[in-house]
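Quick note, the sequences are listed as chains A and V, same order.
All the letters of the first sequence, read from the start, carry residue numbers 1 to 417 under the UniProt record's numbering.
All the letters of the second sequence, read from the start, carry residue numbers 1 to 417 under the UniProt record's numbering.
We put the beta carbon where it would ideally sit given N, CA and C, even for glycine.
Just so it is clear, the structure is predicted and the values come from calculations on it, not from any experiment.
Data first, discussion second: the structure below is written as structure tokens.
Number of protein chains: 2
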Amino acid sequence: MQEISDMAALMAGIGRAARAAAAELAFAAPEAKRAALEAAADAVWTGREAIIAANAEDLAFGRDKGLSPAMMDRLMLDEARIGSIVAGLRSVAAQADPVGAVVAEWDMPSGLHIRRVRTPLGVVGVIYESRPNVTADAGALCLKSGNAVILRGGSESFHSSRAIHACLVAGLKAAGLPEAAIQLVPTRDRAAVAEMLRAVEFIDVIVPRGGKGLVGLVQKEARVPVFAHLEGICHVYVDKDADPEKAMKVVLNAKTRRTGICGAAECLLVHRDVAATLGQGIVDALMAAGVEVRAEGLRGSRPASAEDFGREFLDMIIAARVVDDVDAAIAHIRRYGSSHTEAIITESDAAAERFFTRLDSAILMRNASTQFADGGEFGMGAEIGIATGKMHARGPVGAEQLTSFKYLVTGDGTVRT
Amino acid sequence: MQEISDMAALMAGIGRAARAAAAELAFAAPEAKRAALEAAADAVWTGREAIIAANAEDLAFGRDKGLSPAMMDRLMLDEARIGSIVAGLRSVAAQADPVGAVVAEWDMPSGLHIRRVRTPLGVVGVIYESRPNVTADAGALCLKSGNAVILRGGSESFHSSRAIHACLVAGLKAAGLPEAAIQLVPTRDRAAVAEMLRAVEFIDVIVPRGGKGLVGLVQKEARVPVFAHLEGICHVYVDKDADPEKAMKVVLNAKTRRTGICGAAECLLVHRDVAATLGQGIVDALMAAGVEVRAEGLRGSRPASAEDFGREFLDMIIAARVVDDVDAAIAHIRRYGSSHTEAIITESDAAAERFFTRLDSAILMRNASTQFADGGEFGMGAEIGIATGKMHARGPVGAEQLTSFKYLVTGDGTVRT
């Protein structure tokens, strides 16, 4: 009990400091935020040896803990990866500042002039797993959007995150911004996560970054709103009016370019009329590329079982099914999809329109690879994550979606009759 | 226990029906929604005698229950008020349909064309008190925005709401839309409210309409996101550079036009330099108009006590205080405000800019009355309520803010390298 009571006090202190910083950040000059990010980038590059040394401690801890090679790889920092972190910070620094931007303005017959302008959300909580670069990426995006952030990194990346965080704080100091604008929870104790999920008083939104276990826990337990996607069960539907060449290219890219990302295709649906021809050709090409195809109505690597639909493989495996028409494809996706990203391959405007209108995933694509589901590919610059909820933020969440708005109304002694 | 278990089953049935209706409504033709609202308006007008008869039952129940005259007045329907309900339905019918509207579109170097289009939120739950017209207003706005709605009216307006709801359903039927698009909880049992607040599976957002007791309960207990304001503690700050005539006009209007609405001013702040002159003049005028002024640093009706600041009087009472400058006014509002609406009266652009930048209420006004805080006055047509939260919706919530969005992306066999 003693421990939990200390944790509550620790997290409340962090929360109060974040609220105070947020109040100041909300009207910080764009130039100050830019300067802080540039100074942080300088500090990361200058301090790269110390960061790599801290990372070595984490790697040793990870080896002792028996982390998988994939986890160890995600954890590892070398000069090249630190270079990417620096480039990421500079890229967010160079982005347009969303705060204060006028989203809409209009006049009313009463004489009022109304502007709707962007304003920060307040305090963002980010809960992530092993990748230490999230410390820099999430810290930078929150600062750019005028939000204070409370970062809670994975216990595996504890030292690396701390070293990177120190550089972000150095940047804030150099620019004269409150140091509590970017805070890192200074303990590995998991009770800190539970505190964050309940901290409605101090945190306005939680962004979990990690596997299904983490995201599911956060979605289930959080009292604070959450921007997240639980899974990316992305579908590609090859319509009877698909261009065969485009279909082949897009399906192969959607499945095989990178299999571990949330925008990777996990299920291929093929219109009955082209199943034996184009559909089978795509399945054969997937298998030739090393993909295990679990198929229904097509000759794949093996027959699909019921559990293969609605499943996120994140691997060189795809489910495939023949459907009667675009409506059957829509029905399948409604049943098995995760509202992340789905693509239709078709030259028929009517079929594409039906797919676009009747599905409500965050991202719907026509004749393009689901692997484009990414803030950078949408022109948003960095993203803090991809959201599949319908409240506030959806799809790739960049600096703009980390803002809210307020109305600025001007009159001339205008009164209501 | 039997009763609660039945209630859970009842509400789950309503929830499932709403979800199914929402899936269909999401792509309903704008013309069908318009026709349904026009038909509902016709049905309300044609059925006005039955509605007034149902209302008489509620009024009798209210008299037995000993409702206050104000509550009885809010509950009462006559032909004029039914005429307003009909006009409201027709006005929402005539509004532009937000669903499918392209909010933004752009091209990427990859060859992708990206559109961000409005899509309904899904299912809206509306929990309200005695005013039966909310049944029509909320039902209409949700239908316009493509959302299914679950209405839970106050027990006092049970029969009136049921009669109005029947007209809405008649409208849906006439237009061939699912009847479950607008459902009314068919019981007075308060356990239904508790079920709605927890129904994350079936309800996407809850809108409470009523007094502080209801809204506070909903905000505290809801697991579903909430659009609401708990209180409208609106401030008017009269700056040293205020135009005296505008200041006098605006403060009197902000306090006295209607005292019972959330946009009514509850606190007057006056810059020290003009306290004895303009400030005292305004206080005198307020008192002459019948307002009780609880003042600090000014000669009011009586001295202000600590509890008078941050208090929503909703009556002919106002707190008043002298402050050192615009920063002190900002500090006062940050401490005592409710993030609803605040006004500054000044001819100084610098002071107005500071007030606009450093405060983060949903609505900030310059030289205009806080009584303009209203969807109609913002040109949004009807509003389902006013929100002070920062997630998703803020200020007057009209049909547009009852929508989310999705990305529609088109390529030409476009793959990611």
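Item, Value
"Bridge partners of Thr410 of chain A, per DSSP?", "A:His113, V:Arg366"
"How far does the alpha helix (DSSP H) with His159 of chain V in it extend, from its first residue to its last?", "158-174"
"Using a threshold of 7 angstroms, is the CB atom of Gly125 of chain A nearer than that to any non-hydrogen atom of the ligand MG?", "In the structure shown, the ligand MG is absent, as is every other ligand, since no ligand is present at all."
"Strictly under 8 angstroms for the Cβ-Cβ distance: is Arg294 of chain V near chain A by that measure?", "no"
"Along chain V, which residues have their Cβ under 7 angstroms away from the Cβ of Phe405 of chain A?", "Arg394"
"Within this structure, are the beta carbons of Ser145 of chain A and Leu402 of chain A separated by less than 8 angstroms?", "yes"
"Could you check how far apart the C-beta atoms of Asn133 of chain V and Val250 of chain V are, in whole angstroms? I think they sit under 8 angstroms.", "Their Cβ separation, rounded to whole angstroms, is 29 angstroms, which puts Asn133 of chain V and Val250 of chain V out of contact at 8 angstroms."
"Of all the options V:Ile82, V:Gly13, V:Asp349, which has the alpha carbon lying nearest to the alpha carbon of Lys240 of chain V?", "V:Asp349"
"Excluding the 5 residues flanking Ser110 of chain A on each side, which residues of the same chain have their C-beta closer than 8 angstroms to its C-beta?", "Gly411, Thr414, Arg416"
"Since Ile386 of chain V is in the beta strand (DSSP E), which residue starts that stretch and which ends it?", "385-387"
"Which same chain residues, not among the five before or five after Ala35 of chain V, have their C-beta less than 6 angstroms away from its C-beta?", "Ala175"
"Less than 8 angstroms separating the beta-carbons of Ala304 of chain V and Ala328 of chain V?", "no"
"How is Gln95 of chain A classed by DSSP in three states: helix, strand or coil?", "coil"
"For Ala140 of chain A, which residues of its own chain have a beta-carbon under 8 angstroms away from its beta-carbon, when the five flanking residues on both sides are left out?", "Leu37, Ala40, Gly88, Leu89, Val92, Ala93, Leu168, Ala382"
"Considering only DSSP beta bridges, list what Val207 of chain A is partnered with.", "A:Val126"
"Beta carbons nearer than 8 angstroms to chain A: which residues of the segment 298-309 of chain V have them?", "none"
"Beta-carbon of Met71 of chain A versus every beta-carbon of chain V: anything under 8 angstroms?", "no"
"Hey, quick one: how far does the alpha helix (DSSP H) through His332 of chain V stretch, first residue to last?", "326-336"
"Please check if any C-beta of chain A sits within less than 8 angstroms of the C-beta of Gln371 of chain V.", "yes"
"Is the segment 339-346 of chain V close to the segment 358-373 of chain V, with three or more CB pairs under 8 angstroms?", "yes"
"Got a sec, what are the start and stop residues for the alpha helix (DSSP H) Ile261 of chain V sits in?", "Looking at the DSSP string, Ile261 of chain V is not in any alpha helix (DSSP H), and its letter there is neither H nor E."
"Classify Val283 of chain V: buried if its beta carbon has 16 or more other beta carbons within 10 angstroms, exposed otherwise.", "buried"
"Using the DSSP secondary-structure output, state which residues sit across from residue 428 of chain A in a beta bridge.", "Shown here, chain A extends from 1 to 417; a query on residue 428 of chain A therefore has no answer."
"Using the C-alpha atoms, what's the distance from Met72 of chain V back to Arg63 of chain V?", "8 angstroms"
"Closest to Ala306 of chain A by CA distance: which of A:Glu296, A:Asp315, A:Glu292, A:Ile206 is it?", "A:Glu296"
"Comparing the C-beta of Leu408 of chain V with each C-beta of chain A, is any distance below 8 angstroms?", "yes"
"Can you round the beta-carbon distance between residue 420 of chain A and Ala247 of chain A to whole angstroms, since I take them to be within the 8 angstroms contact cut?", "This structure does not reach residue 420 of chain A, given that chain A is present from 1 up to 417, and the question cannot be answered."
"So what does DSSP say about Thr119 of chain V, is it helix, strand or coil?", "strand"
"Could you round the C-beta distance between Leu286 of chain V and Ile318 of chain V to whole angstroms and report it? I think they count as a contact, below 8 angstroms.", "6 angstroms"
"Examine chain V for any beta-carbon lying closer than 8 angstroms to the beta-carbon of residue 424 of chain A, and answer yes or no.", "In this structure chain A extends from 1 to 417, so residue 424 of chain A is not present and cannot be described."
"Does the count of Cβ pairs from the segment 114-129 of chain A and the segment 18-37 of chain A closer than 8 angstroms reach three?", "yes"
"Name, please, each residue of chain V whose Cβ falls closer than 7 angstroms to the Cβ of Lys390 of chain A.", "Leu121, Gly122, Asp204, Ser404"
"With a threshold of 8 angstroms on Cβ separation, who are the neighbours of Leu230 of chain V within its own chain once the five nearest residues in sequence on each side are excluded?", "Lys212, Val215, Gly216, Gln219, Ser338, Thr388"
"Per DSSP, what kind of secondary structure is Asp42 of chain A in: helix, strand or coil?", "helix"
"Just the Cα atoms here: how many angstroms apart are Ile261 of chain V and Ile52 of chain V?", "26 angstroms"
"Only counting the same chain, and skipping five residues up and downstream in sequence, which positions put a Cβ closer than 8 angstroms to that of His340 of chain A?", "His229, Glu231, Gly232, Ile233, Cys234, Cys262, Gly263, Ser361, Ala362, Ile363, Ala373, Ile386, Thr388"
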